[in-house]
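Here is the structure we will look at, set down as structure tokens.
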Amino acid sequence: MQLVEWIAEFLRDRKMRVRVHGSFSNWAEVLSGVPQGSVLGPLLFLLFVNDLPSVIKSHIRMFADDTKIWRTIKDETDSIQLQQDLDNMESWCQEWLLKLNPSKCKVMHIGHRVQTGYYVKEEALTRKLDETTEEKDLVIYLTEDLKATQQCTKAASKATSVLRMIRRNFHRIDVEDFRIL
């Protein structure tokens with residue numbers, strides 16, 4: 002059996018069910034996506050979404066199932082192109098039976114005040130994307146003014162929390178033990 006046939010067989014006729022507190026749902030056919038928790042899952046997902054950047058004209062970065070699209074907005078034409086990229090991404094998602102989660106989609110304006118609004122479809126409705134002034138990306142806090150104040154504040158708060166935990170749990174501690182902790 003060739004590798005492609007083996008992968009096709011791996012993905013064919015898949016079913017799933019959910020267990021909550023020891024009770025199981027009925028089996029449901031899986032129509033799209035890749036099996037989570039499998040060794041092949043991450044590789045297949047990357048192959049599955051590999052062509053998404055080809056339908057986007059703006060800048061795009063993808064990490065796992067997270068996608069960011071951005072564009073310098075100098076005038077209305079740039080704003081229209083960004084909306085068109087969002088529309089293209091929606092079409093791509095529909096074609097590949099993936100669902101876009103509009104509640105997780107946000108707009109951040111960095112360095113401009115051009116009045117823009119961006120929209121995506123949620124079921125049959127068109128929804129305006131929420132605007133944000135701060136977003137956590139992996140472990141970095143990005144703000145609309147691109148200052149590191151929020152990042153430093155969060156890091157200092159976390160360090161203080163760890164120091165308090167050490168003080169609560171270790172009454173007598175020497176320098177070497179503190180370094181290890």
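Numbering of the sequence shown is given in the working numbering, commencing with residue 2 and proceeding in unit increments. Where is the CB? At the ideal position from N, CA and C, for every residue including glycine.
Spatial distance of residue i from residue j (CA atoms)
i    : j    : result
L109 : V121 : Checking the sequence shown, residue 109 turns out to be Met, not Leu. Rounded to the nearest angstrom, the two C-alpha atoms are 15 Å apart.
E6   : R15  : 15 Å
S39  : V115 : 45 Å
R20  : S26  : 6 Å
L32  : K155 : 41 Å
F11  : E145 : 44 Å
L101 : D88  : 11 Å
V138 : L164 : Correcting the residue identity first, residue 138 is Asp in this sequence and not Val. Going by the C-alpha atoms only, they are around 25 Å apart.
A160 : T150 : 15 Å
Q152 : W71  : 21 Å
E123 : N170 : 49 Å
Reference residue i; option with closest CA among the options
i    : options                  : result
T68  : T78, L47 and V176        : L47
T127 : E91, W28 and G23         : E91
K129 : K107, G23, L101 and I167 : K107
V50  : F64, Q37 and S59         : F64
L83  : K105, K137 and S59       : S59
M105 : K75, W93, D66 and Y142   : In the sequence as displayed, the identity of residue 105 is Lys instead of Met. Ranking the options by Cα distance to K105, first place goes to D66.
D86  : Y119, L99 and P103       : Y119
A9   : A125, S158, G42 and M17  : G42
For residue i, the first and last residue of its enclosing alpha helix (DSSP H)
i    : result
F179 : V176 to I181
I8   : L4 to L12
E96  : E77 to E96
I240 : There is simply no residue 240 to check, as the chain begins at 2 and stops at 182 in what is shown.
Proximity of residue i and residue j at Cβ, strictly below 7 Å
i    : j    : result
L45  : V56  : no
E132 : L143 : no
H113 : I61  : no
W28  : L53  : no
L182 : I167 : yes
First and last residue of the uninterrupted beta strand (DSSP E) at residue i
i    : result
E123 : Y120 to E123
L143 : I141 to T144
T127 : L126 to K129
Cβ of residue i within 7 Å of any chain C Cβ
i    : result
I141 : Chain labels in this structure do not include chain C; a single protein chain is all it has.
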